[in-house]
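Inspection log for the structure reproduced underneath, given as structure tokens.
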Amino acid sequence: GSDKAAADDGQYKMVLLVKSLGNGFFEACDDGAQQAVAELGNMEVVYMGPSQSTAEGQIEIIETLIAQKVDAIAISANDRDALIPVTKKAMAAGIKVISWDSGINIGGRIIDLAPSNAEFIGRQQYQLIAELTGNKGQIGILSATSQATNQNEWIKWMYEEAKKPEYADMEIVEVVYGDDASDKSYREAVGLFSKYPDLAGIISPTTIGVLAGAKAIEDEGLQGKVQLTGLGLPSEMQHYIEDGTCVQMALWNPVDLGYTATYICEALITGKITGAEGEMIPAGRMGEIPVGADGSAVMGAPFVFNKSNVAKFAAIF
Amino acid sequence: MNTKAILELKDISMYFPGIKALDSVDFSIRPGEVHALIGENGAGKSTLVKIITGVYKQTAGQVLLNGEETNFKSALDAQSAGITAIHQEASMFPELSVTENIFMGHHVKKGASGKGPVDWKTMRQRTRELLDDIELDISPDALVKSLGVAQRHMVEIAKALSIDAQIVIMDEPTSALTLREVEDLYKIIRRLRDEGKAIIFISHKFEEIFDICDTYTVFRDGQLIGDGNVSDATISSIINMMVGRSLDLLYPKGESTIGDVVLEVENLNRTGYFKNISFNLHKGEILGFFGLIGAGRTEVMRVLFGIDKASSGEVRLNGKPVSFTKPKKAMKAGIAYIPEDRHEQGTILDMSIADNITLPNVDELSHFGILDEKAERSLAEDFAKKIEIKSAGLNMKTSTLSGGNQQKVVLAKWLSTGPEILILDEPTKGIDVGTKARVHKIVSDMAAEGKAIILVSSELPEVLGMSDRIVVMHEGFVTSVFEREEADPDKVMLAAIAQPGDESA
Amino acid sequence: MKTNLNMKKRLESRESVLIGLILLFMAVMTITMPRFIHPSNLANILKDSSILIIVSLGQFLVILTGGIDLSVGSNIAFSGMAASLINQNNPELSPWIILVIGMAIGLGLGMINGSLVAFGKVPAIIATLGTMSVFRGFTFVISKGQWVTAHEMTDPFMNLPHGNFLGVPNLIWFAIFVVAAFFYFMRYTRSGREIYSIGGNKSAAVLVGVSEKKVQFLIFSISGLVSGMAGVLWAARYAAAVNEMATGFELQTVAACVLGGVSVAGGSGSVAGVLLGALFMGLLNNSMTMIRNMAFFQMLLQGLIVISAMTFNVVMERRQDKMLLNRRLA
Amino acid sequence: MSDNLVRQDRLIDEFSFKKRISRLFSSWEFILFLTLVGIFILFSFISPYFMDYFNLMNASLSFAEKSILALSMIFVILSGDIDISVASILALSSFAMGNASVKGAGSGTLVIIGLATGLAAGIVNGFLVTKIKIPSIAVTLATLSIFRGISQAILRDNAYTHYPLKFAYFGQGYIGNSVIPFEFVFFLVLAVLMGFILHKTTYGRKLYAIGNSASASRFSGINVDRIRFINFAVNGLFAGIAAVLLTSRIGSTRPNIATGWELEAITLVVLGGVAITGGKGNIFGVVIASLLVGYLKFGMALVNLSAKVMVITTGALLITAVLVPMLLEIAKAKQKLRSQRSELKLERKAS
Ligand SMILES: Nc1ncnc2c1ncn2[C@@H]1O[C@H](COP(=O)(O)OP(=O)(O)OP(=O)(O)O)[C@@H](O)[C@H]1O
Ligand SMILES: Nc1ncnc2c1ncn2[C@@H]1O[C@H](COP(=O)(O)OP(=O)(O)OP(=O)(O)O)[C@@H](O)[C@H]1O
Ligand SMILES: [Mg+2]
Ligand SMILES: [Mg+2]
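Written out as structure tokens, the structure is:
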């Protein structure tokens with residue numbers, strides 16, 4: 002039931018379960034969650050993650066969370082299907098489960114908080130690179146692992162966007178996978194340069210990938226010739242944005258993401274919402290977020306970073 | 026020879042778990058002296074050598090070099106103090122070149138201070154010289170794995186000579202050498218002696234001791250029994266010291282009636298190991314196999330037991346051609362093989378005595394693959410009793426037994442399979458006299474029961490004493506077959522070293 | 003006659019087989035993909051292989067004695083992370099000093115392995131399986147889970163691998179230097195030769211005064227030292243020190259050694275072989291990125307090539323042994 | 324380090340009761356068991372959720388599959404080999420099942436396909452090791468890439484997520500109406516089975532013989548290569564079993580499934596007292612080690628220790644597990660030598 006009493010110390014315990022430990026993006030999310038904790042006053046958020054980004058590792062943790070009878074789990078999932086059986090079990094045990102950032106399929110969570118609409122992200126990424134290349138040329142995509150569900154979704158929408166008539170002179174030549182490892186991403190980027198000598202741009206919708214891509218462009222002296230955009234943390238990309246290797250890139254605010262996830266969990270625990278379509282989630286400084294079909298919630302458009310604003314945000318995340 | 030002793034050992038004891046390998050032994054040697062260490066297998070000779078060369082640290086006692094107490098931490102220290110040795114066990118690096126094998130541990134370095142890079146040119150050149158010296162015609166760059174057994178032994182000798190040593194120790198250097206090579210070695214030893222070096226020479230062959238040595242020391246069971254000048258000694262006086270009783274007690278070959286042929290071997294070949302081996306084995310017969318180390322006897326037996334494959338030739342068992350692709354098949358046909366390497370091949374040291382005895386029988390003793398521990402137990406007990414294994418219990422690890430008792434375990438293990446043909450490869454190597462006699466008795470009794478026996482041995486008296494017929498091998502060929510009556514030590518030995526004029530080529 | 007035999011031996015030696023394989027592979031690549039042979043691409047292959055070469059040589063020493071070092075990847079992560087943190091917090095410090103510190107850290111980790119194996123008698127595979135987890139865990143501890151990325155690193159630091167000297171990238175110079183050092187060490191120093199002796203015949207080595215403990219401690223220390231160097235270069239080259247860096251790299255180095263003809267049973271192998279093996283691995287990795295849509299076949303192909311090379315090696319060896327046997331009783 | 328408990332039972336006639344007890348108490352399995360008890364006591368104080376029957380049962384889901392991999396890995400390691408490709412075999416099996424499921428196979432067929440794929444992969448390893456005679460570490464290093472590589476090449480960035488409803492039982496089901504997971508019971512059944520084979524059959528006896536001395540075993544008429552071959556095949560089969568359980572539990576197959584599990588399985592085996600050089604160790608040790616690691620991790624996660632701390636802990640545990648007995652042994656040998664020396668001195672004085 003949603004009217005579950007708060008734990009003895011008057012605190013609801015929520016776990017922010019990330020894909021893996023040691024990733025700057027998720028650390029920033031945790032910062033946001035802690036901000037929400039400070040505002041709400043009745044929540045306690047524990048940051049957890051497996052040592053490697055595998056679904057099995059996350060499942061192991063969720064099993065112990067069920068045992069601990071935490072009040073809510075907010076998951077950035079390593080696998081959109083593999084977690085369903087265990088999260089179902091968690092929900093059956095009265096735990097509120099939501100997914101955020103990288104979603105769990107319907108049935109495995111109450112609400113899926115997307116940082117932004119997948120379609121929007123995908124299309125925006127393509128638009129960003131088109132702007133830089135002047136709607137011309139060959140584009141390569143440097144993704145994370147081939148199994149990353151959110152990546153694949155976005156890439157699908159990039160291909161959709163590319164069908165538009167204004168991009169007739171542009172094409173996506175290949176998707177390569179850097180496995181979220183800097184050395185492999187770097188090699189794959191360099192591989193793109195040699196495979197496609199006329200390559201005009203790279204989209205890398207992953208923080209490690211876009212970093213490695215920037216480094217590869219810089220090392221190969223291709224600044225200006227090969228454009229780069231993607232999804233990256235301003236604090237890590239500042240250097241490359243300021244020197245023009247990556248003129249613009251996008252990202253939602255991970256601080257806001259963690260913040261909102263915490264608000265949603267609190268609302269579910271205290272019964273303010275149930276996750277039904279049409280409900281409005283009170284999300285503090287983020288205002289109110291509507292629950293869409295199948296429990297989907299979307300935060301808003303990703304923010305675009307460039308020379309003018311990157312320094313400001315680099316200080317935050 | 027009135028010079029002072031260059032090396033002196035005082036009151037040396039060496040204990041291994043459960044064994045007193047050396048027990049308060051004294052020993053000394055002077056420059057210009059060739060000193061024989063004599064003793065049966067396991068008497069402690071090699072252990073003494075290893076203490077002198079710093080490989081082992083004695084449990085008690087002192088080693089004095091030029092009157093000063095030494096404290097070698099490793100073989101390297103002994104080398105730099107001028108002590109070099111040819112060790113008994115093969116100590117070669119098969120993947121490395123002859124040059125490197127000779128200089129491992131004391132590579133020559135460039136530069137006056139000896140701190141420069143390894144000087145391959147000089148080492149190769151010195152290797153060339155050393156090889157010429159011992160008249161060995163191989164390239165310094167040859168990999169040792171490509172050499173034959175005798176060549177390897179010669180390289181070992183070259184290795185010992187590569188150090189400008191005051192004391193040269195040779196632990197059974199001649200066991201794999203031909204007469205001509207032995208002569209070459211004598212020349213070298215004499216030259217070293219004339220240069221004023223002290224040489225410790227270990228050999229089981231009396232003629233060698235009388236040929237080349239000045240003084241001797243006899244050990245028995247880790248104790249010093251006697252020493253003196255070779256010129257004052259006779260073979261029988263030395264044997265008396267070694268064995269502590271007269272020779273006739275050993276080798277009690279009993280009566281047995283020779284029956285039909287059970288095993289016929291015809292033109293058996295295994296590329297690189299032996300060629301055109303033919304012989305017959307009868308029921309109730311003990312067929313001795315004699316030869317120097319590396320003659321290929323073991324290789325023949327391995328093929329008979331299905332360990333290795335023959336490249337050509339035929340083996341017939343009771344008239345029917347057989348080909349054993351696995352030991353299990355040979356076992357099913359009634360063959361048992363007691364291998365020469367007790368530790369590596371005969372027993373599983375970390376398993377219990379009982380489990381070792383029943384190992385070849387587990388399949389027969391089990392029901393649908395499930396162990397029948399009772400049946401195993403009684404079989405192990407039966408044979409342990411029969412062979413008189415002395416142990417604290419059959420569930421003790423085999424490694425806790427003495428060498429002789431370990432060999433008894435191997436015997437028990439194979440006798441318990443009830444073999445018709447028993448092959449024994451060096452069954453008495455390194456075991457004490459009592460056990461030795463026991464082994465001989467068992468073998469004799471088996472023959473008397475009509476079993477066929479092959480006895481491979483490098484001990485001439487044993488082969489002569491035990492066998493009805495003797496097959497002699499040299500470098501992969503059968504050189505002669507002797508009937509018991511016509512086999513005298515000289516003839517058999519000559520066949521084993523393949524003197525010119527015989528039909529081996 | 004003798005020279006003939008030598009010629010034959012040389013032709014059949016593993017190194018020449020590898021060179022042949024590499025050339026063949028390059029020819030096939032060039033035909034299907036002319037850009038492959040472009041000097042800039044070849045330079046890239048060399049750069050990509052450099053770190054692998056450096057670490058594989060350390061691994062080589064360990065395998066030569068019959069051991070294995072599974073902790074090299076974690077060692078790279080730890081020392082790379084440590085070096086990056088030092089650079090971040092002390093931007094004025096010369097990158098060369100950081101390199102030395104990184105190598106010292108790697109050496110320290112290697113010495114931990116060495117002590118466990120040499121003095122604690124822990125089997126190499128167990129010791130390094132354990133330290134593999136421990137080192138990586140501590141990488142996380144010292145970084146507090148954070149990354150160090152380009153803007154937190156100084157330019158001189160990032161230039162360490164990226165800069166040029168005589169037109170050749172520093173990274174390649176590092177590899178050349180390490181290869182030369184290993185070549186010298188393994189061929190012209192006593193310690194180097196002693197490593198061969200321990201792997202070839204342990205008891206014989208002891209008889210000639212080689213200390214097994216000393217050798218074991220030495221090889222793990224060296225493996226740690228080069229891993230430390232690789233860690234610094236890795237972090238600086240990709241301008242990113244993250245916790246997961248070089249995960250799984252240990253298997254790459256073992257594969258490079260195996261490809262290079264180093265026997266996993268110990269005792270045989272050469273610096274040249276390892277160099278070629280690592281180059282071949284680098285070549286493979288590079289070609290995979292060169293061929294369109296190859297991503298999904300990379301793992302499979304790598305495995306197949308490694309197993310074929312090993313099978314080939316074994317068959318060649320058996321043929322050689324047979325030749326020796328045939329000559330023996332001629 | 325570890326002595327065979329079964330073997331010890333047979334010592335009744337030779338060892339006094341006291342000696343037997345003292346040997347039991349100094350055995351590795353007993354130390355492991357004490358540690359396990361210690362962990363239970365510790366965590367039941369630290370976390371109120373630990374000593375909860377339901378939780379303890381449920382936690383077994385997190386280690387049952389890895390422990391099953393360890394069960395057959397014992398055989399491989401006991402005979403002196405190693406198999407680092409098991410996790411890749413698991414992935415390949417899971418892939419094969421997913422593929423068949425998409426084509427409409429039922430639960431029974433899926434299980435058969437999963438097991439057959441694992442077995443086939445194991446046979447490939449066994450063939451390369453015993454027939455081509457490449458050392459097992461090198462072989463499985465390569466097949467580690469190949470087996471996972473196959474599923475990656477075909478499955479690409481897709482996942483198989485549609486499995487029959489009934490198929491979910493293996494990984495998600497409970498025995499009857501209880502809270503005991505099927506997986507846990509199945510692991511215990513397999514442990515008993517493997518323990519029986521290891522300690523009560525000729526196969527097990529031969530396995531120990533081979534691990535102690537392959538050549539002496541050959542000279543005793545044991546078909547060494549056949550047994551090693553079977554070990555690899557069985558290890559593949561068990562990876563197939565683990566694949567069925569894991570796939571059923573998470574209902575999804577991707578090429579990166581179970582990454583890194585080979586090392587976890589090997590860790591359990593070694594921690595359980597099986598010598599990596601072969602010939603020594605038993606099933607009890609490994610079962611206890613499985614529970615030990617499983618519940619240690621569970622406990623640490625309950626008190627929200629970082630996953631990185633767990634990684635460090637298991638790594639350190641592994642090293643200590645091997646190091647401490649070694650150091651004790653070295654110390655014992657030194658002690659013995661010292662006592663021998665002093666004995667000798669006494670003897671000398673007396674004479
Ligand atoms: N490292 C060791 N560990 C245990 N026992 C040993 C060791 N080395 C030798 N021994 C034992 O010490 C005794 C003396 O052995 P040693 O090798 O010195 O004999 P030996 O006189 O050289 O015999 P052989 O003529 O066979 O060479 C034997 O009982 C042997 O088994
Ligand atoms: N020419 C050779 N080169 C290398 N190794 C050889 C050569 N000849 C024999 N060997 C090896 O040397 C060892 C001794 O050979 P083998 O056992 O056949 O002889 P043997 O007559 O039984 O002598 P023993 O048993 O007394 O050593 C065997 O391991 C064999 O493989
Ligand atoms: Mg000796
Ligand atoms: Mg022999």
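Protein chains in written order, with my numbering: chain Z, 2 to 318; chain E, 26 to 530; chain V, 3 to 332; chain B, 324 to 674. We put the CB at the ideal spot given by N, CA and C, even for glycine. These numbers come from a predicted model, not from an experiment.
Asked: Looking at chain V, which residues of the segment 591-604 of chain B have a Cβ within less than 9 Å of any of its Cβ atoms?; Found: Val-593, Ala-598, Ile-599 and Thr-600
Asked: State the Cα-Cα distance for the pair B/Leu-433 and B/Ser-543, rounded to the nearest angstrom.; Found: 42 Å
Asked: Nearest by alpha-carbon distance to V/Arg-16: which of V/Met-312, V/Arg-329 and V/Lys-324 is it?; Found: V/Met-312
Asked: In chain V, which residues lie with their C-beta within 8 Å of the C-beta of B/Ile-589?; Found: Leu-131
Asked: Residues of chain V with CB closer than 7 Å to the CB of B/Lys-529, please, in chain order.; Found: Per Cβ cutoff of 7 Å: no residues; B/Lys-529 is ~23 Å from chain V at best.
Asked: Going along chain B, which residues have a C-beta under 7 Å from E/Lys-351?; Found: Asn-546
Asked: Starting from V/Gln-304, find everything on chain B with Cβ-Cβ shorter than 8 Å and list it in chain order.; Found: Ser-468 and Gly-472
Asked: Since E/Asn-294 is in the beta strand (DSSP E), which residue starts that stretch and which ends it?; Found: 286-295
Asked: For Z/Gly-33 versus Z/Pro-255, is the C-beta distance shorter than 8 Å?; Found: yes
Asked: Which chain B residues sit within Cβ distance under 7 Å of E/Thr-84?; Found: Gln-663, Arg-664 and Leu-667
Asked: Does any residue of chain Z bring its CB to less than 8 Å from the CB of B/Ile-642?; Found: no
Asked: Among B/Phe-552, B/Gly-583, B/Val-512 and B/Thr-484, which one has its Cα closest to the Cα of B/Ser-408?; Found: B/Gly-583
Asked: Identify which residue in Z/Asn-153, Z/Ala-78 and Z/Ala-268 has its Cα closest to the Cα of Z/Ser-21.; Found: Z/Ala-78
Asked: Using a threshold of 7 Å, is the CB atom of E/Gln-113 nearer than that to any non-hydrogen atom of ligand 1?; Found: yes
Asked: Could you please tell me which residues of the segment 212-240 of chain Z, in chain order, have their CB closer than 7 Å to any CB of chain V?; Found: Leu-212, Ala-213, Lys-216, Asp-220, Glu-237, Gln-239 and His-240
Asked: Please state whether DSSP places Z/Trp-101 in a helix, a strand or coil.; Found: strand
Asked: Should E/Thr-383 be counted as a contact of ligand 1 given a C-beta to heavy atom distance under 7 Å?; Found: no
Asked: Beta strand (DSSP E) containing E/Ile-302: first to last residue?; Found: 299-307
Asked: Following a CB-centred definition, is E/Gly-428 positioned closer than 7 Å to any heavy atom of ligand 1?; Found: yes
Asked: If you count every other CB in all the chains shown that lies within 10 Å of the CB of E/Glu-220, and 16 or more means buried, which is it?; Found: exposed
Asked: Going by C-alpha to C-alpha distance, which of V/Leu-220, V/Leu-277 and V/Ser-272 sits closest to V/Phe-113?; Found: The residue you asked about is not Phe; residue 113 of chain V is Met in the sequence shown. Checked all of V/Leu-220, V/Leu-277 and V/Ser-272; the closest Cα to V/Met-113 is V/Leu-220.
Asked: Could you list which residues in chain B have their beta carbon closer than 7 Å to that of Z/Asp-82, in chain order?; Found: Ala-482, Thr-484, Gly-574 and Ser-575
Asked: Since E/Pro-346 sits in a beta bridge, which residues does DSSP pair it with?; Found: E/Arg-341
Asked: Check distances from the C-beta atoms of the segment 269-291 of chain Z to those of chain V and list, in chain order, the residues that come in under 9 Å.; Found: none
Asked: According to the neighbour-count rule (16 or more other Cβ atoms, all chains shown, within 10 Å of its Cβ), is E/Ser-138 buried or exposed?; Found: exposed
Asked: Are the C-beta atoms of B/Gln-475 and some chain V residue less than 8 Å apart?; Found: yes
Asked: Across which residues does DSSP place Z/Phe-304 in a beta bridge pair?; Found: Z/Leu-252
Asked: Three-state secondary structure (DSSP) at Z/Gly-179?; Found: coil
Asked: Cβ of E/Ala-521 within 8 Å of Cβ of E/Val-496?; Found: no
Asked: Is it buried or exposed for E/His-112, if we count other Cβ within 10 angstroms and need 16 for buried?; Found: buried
Asked: Under 8 Å, with one C-beta from each stretch per pair, do the segment 96-112 of chain E and the segment 150-160 of chain E reach the 3-pair mark?; Found: no
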